[in-house]
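Chemist: A single structure is presented below for examination.
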Amino acid sequence: MRSFRSAGVGAGLSLVLAAGVWCAAPRAEAVVLKVEVSAVRVSVGQTYTVTATVAPSDNPLPVTFTDNGSEIAQVMAAGPTASTDWSPSTGGTHELAASQPDAGARYVTVTVTE
26 MRSFRSAGVG
36 AGLSLVLAAG
46 VWCAAPRAEA
56 VVLKVEVSAV
66 RVSVGQTYTV
76 TATVAPSDNP
86 LPVTFTDNGS
96 EIAQVMAAGP
106 TASTDWSPST
116 GGTHELAASQ
126 PDAGARYVTV
136 TVTE
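26 is the number of the first residue of the sequence shown in this note's numbering; add one for each residue after it.
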């Protein structure tokens, strides 16, 4: 009976450890779903909000925003979104991007008027 009890404890412990490993598995990868600007018409010197929607909604990674490749800001998501202010200093075409580490980026192209 003693050896049966030991075997049962060992099997139970193995099951608990296996469950612990399963629960500790990494979550789905983070991804930026879309990027939006708070206005349709954008002008030099005005301030706009750039928002990225990310998944999963409890995403713990920072979101980096760039304008034509130059960093605007790096912020943590609040729920499924991360936002920052953006004030274009030049006219023309601007490619705004939002990215996360190892997750790629999403872009929106905006034409800024003088």
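Beta carbons are placed, not taken as given, at the ideal position from N, Cα and C, and that holds for glycine. Given the structure is predicted, the values throughout are model-derived calculations rather than measurements.
Which residues mark the beginning and the end of the beta strand (DSSP E) in which L121 is found?
Modeler: As a first step, residue 121 must be located in the sequence shown, where it is residue number 96. Looking at the DSSP string, the run of the beta strand (DSSP E) that includes L121 is 117-124.
Chemist: Going by DSSP, what residue range makes up the beta strand (DSSP E) through D110?
Modeler: In the sequence shown, residue 110 corresponds to position 85, counting from 1. Segment 106-111, the beta strand (DSSP E) holding D110.
Chemist: Which runs of the beta strand (DSSP E) spanning at least 3 residues fall entirely within the segment 52-86, listed in chain order?
Modeler: Unbroken beta strand (DSSP E) stretches of 3 residues or longer found wholly inside the segment 52-86: 56-62, 73-80, given in chain order.
Chemist: Can you tell me whether R131 is buried or exposed, with buried defined as 16 or more other CB within 10 angstroms of its CB?
Modeler: In the sequence shown, the residue the question calls residue 131 occupies position 106. Result: buried.
Chemist: In the DSSP assignment, the beta strand (DSSP E) including S95 goes from what residue to what residue?
Modeler: One-based indexing of the sequence shown puts residue 95 at position 70. Here the beta strand (DSSP E) through S95 covers 95-101.
Chemist: Which of the three DSSP states, helix, strand or coil, is assigned to T138?
Modeler: For the purposes of this step, residue 138 is taken as residue 113 along the sequence shown, with counting starting at 1. Strand, per DSSP.
Chemist: Got a sec? Which residues, its chain only, sit under 6 Å from A122 by beta carbon, not counting five neighbours each side?
Modeler: Your numbering for residue 122 matches position 97 in the sequence shown. Excluding residues within five positions, the ones whose Cβ falls inside 6 Å are T91, A130, Y132.
Chemist: Sort T78, D127, S68, Q71 by Cα distance to E61 and report the nearest one.
Modeler: Locating residue 61 in the sequence shown gives position 36, where the first residue counts as 1. Measuring C-alpha to C-alpha distances from E61 to each of T78, D127, S68, Q71 identifies T78 as the nearest.
Chemist: Considering only residues of the same chain and omitting the five flanking positions on each side of A98, which have a CB-CB separation below 6 Å?
Modeler: Looking up residue 98 in the sequence shown gives position 73. Excluding residues within five positions, the ones whose Cβ falls inside 6 Å are F90, T109.
Chemist: Tell me the rounded alpha-carbon separation between V67 and P85.
Modeler: In the sequence shown, the residue the question calls residue 67 occupies position 42. In the sequence shown, the residue the question calls residue 85 occupies position 60. Each residue's alpha carbon lies about 31 Å from the other.
Chemist: What's the gap between the Cα of P81 and the Cα of V75?
Modeler: For the purposes of this step, residue 81 is taken as residue 56 along the sequence shown, with counting starting at 1. For the purposes of this step, residue 75 is taken as residue 50 along the sequence shown, with counting starting at 1. Taking the CA atoms as reference points, P81 sits about 19 Å from V75.
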